[in-house]
Amino acid sequence: MAFQYTNAEYLDMVYAYARANESLRGAINLYREMFPNRRVPTASVILNANQRLRDFGQFRVPTHAQGNVLCMLQCMSTERS
1 MAFQYTNAEY LDMVYAYARA NESLRGAINL YREMFPNRRV PTASVILNAN
51 QRLRDFGQFR VPTHAQGNVL CMLQCMSTER S
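UniProt numbering puts the first residue of the sequence shown at 1, with every later residue one more than the last.
As structure tokens, this is what we get:
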């Protein structure tokens with residue numbers, strides 16, 4: 001089961017990533033120091049949060065974009081056939 005994070009937690013991850021000069025290891029260590037009582041996100045969680053914020057301006061993937069991703073994956077699989 002995937003963990004769900006709050007928007008505030010995602011924002012803190014992106015902040016730590018930026019403060020660590022986009023170093024994932026540095027971001028994880030900084031996040032751990034800043035929030036010792038929270039669960040520590042993995043590198044992929046931090047990267048995905050950062051990418052979603054860049055792509056969509058929010059941490060959740062909008063429903064209209066979810067279909068686009070599925071369509072892209074289906075198109076790619078048919079092209080390879």
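Ideal Cβ positions, reconstructed from N, Cα and C, are used throughout, including at glycine.
inquiry  = For a test of the three-state rule: what should DSSP assign to Gln4, helix, strand or coil?
reply    = Reduced to three states, the DSSP call for Gln4 is coil.
ask   = Which first and last residues belong to the alpha helix (DSSP H) in which residue 122 is found?
value = Residue 122 is absent from the structure shown; the chain starts at 1 and stops at 81.
inquiry  = Applying the 10 Å Cβ sphere with the 16-neighbour rule, what's the burial state of Ala16?
reply    = Result: buried.
ask   = Would you report the Cα separation of residue 106 and Glu22, rounded to the nearest angstrom?
value = The question about residue 106 has no answer here: the residues shown for the chain are numbered 1 through 81.
task = Inspect the beta-carbon positions of Ala49 and Ile28 and report whether they are closer than 8 Å.
result = Not a contact, by the Cβ cut-off of 8 Å.
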